[in-house]
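Reminder that position 82 of the sequence shown reads as 82 in the UniProt record's numbering, one-by-one numbering, no gaps.
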Amino acid sequence: MIFAILLMDRPGTAELRIQVRPEHRAYLGQQADRMAFAGPLTSEDGKTTVGSLLVMDFPSSADVEAWLSDEPFTKAGVYEKPIIHVFTNSWPQKVGFPPA
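Next up, the structure:
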C-alpha cells in the first residue's frame, strides 16, 4: 500500500536538520525500493526547508509508524507529529521528477 507521509519540521531545528541529514539520507537509502518519491518541503523562497514529503510502499500504517520511529530526523526531534495517509496515484507524472 502506498502512503503519503507529511513531516513538518519543529521550529528552530534548521541546524539540527543539517547535522543529522547524512544519517537521514542513509536511512532513506535503505528503503529506496519502496520509495515512490521523497524530498524536502521548502518555503516559497525554494531554499528554506520546512519539512519533508515521503511517498512510500508499506504493508500497513503500523509499519510506517514503526519505520518512522527509527528515522534519524524523528529520533533527533526535527519533525513534529507525522501525518500519514494512504495515497492513490491517479495522475501520470510528467514534471518535477528527475530521470531514473
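Even for Gly, the Cβ is constructed at its ideal location relative to N, Cα and C. Just so you know, these numbers come straight off a predicted model, no measurement behind them.
Using CA coordinates, which residue listed in the options is at the minimum distance from residue i?
i	options	result
Leu54	Tyr79, Lys47, Ser43	Tyr79
Thr42	Leu7, Phe87, Phe3, Leu68	Leu7
Trp67	Val20, Arg34, Pro22, Glu15	Arg34
Ala76	Thr48, Ala4, Glu23, Ile5	Glu23
residue 103	Thr48, Thr49, Ile83, Ala32	This structure gives no information on residue 103, because the portion of the chain shown stretches from 1 to 100.
Compute the distance between the beta-carbons of residue i and residue j, then report whether it is under 9 Å.
i	j	result
Asp45	Met1	no
Asp70	Tyr27	yes
Ala4	Phe87	yes
Arg21	Asp9	no
Asn89	Ala36	yes
To the nearest angstrom, report how far apart residue i and residue j are at their CA atoms.
i	j	result
Gln19	Glu65	23 Å
Arg25	Glu15	16 Å
Gly51	Gly39	9 Å
Which complete alpha helix (DSSP H) runs does the UniProt domain "YCII-related" (1-87) hold, if anything under 4 residues is left out? 14-29, 61-69, 72-76
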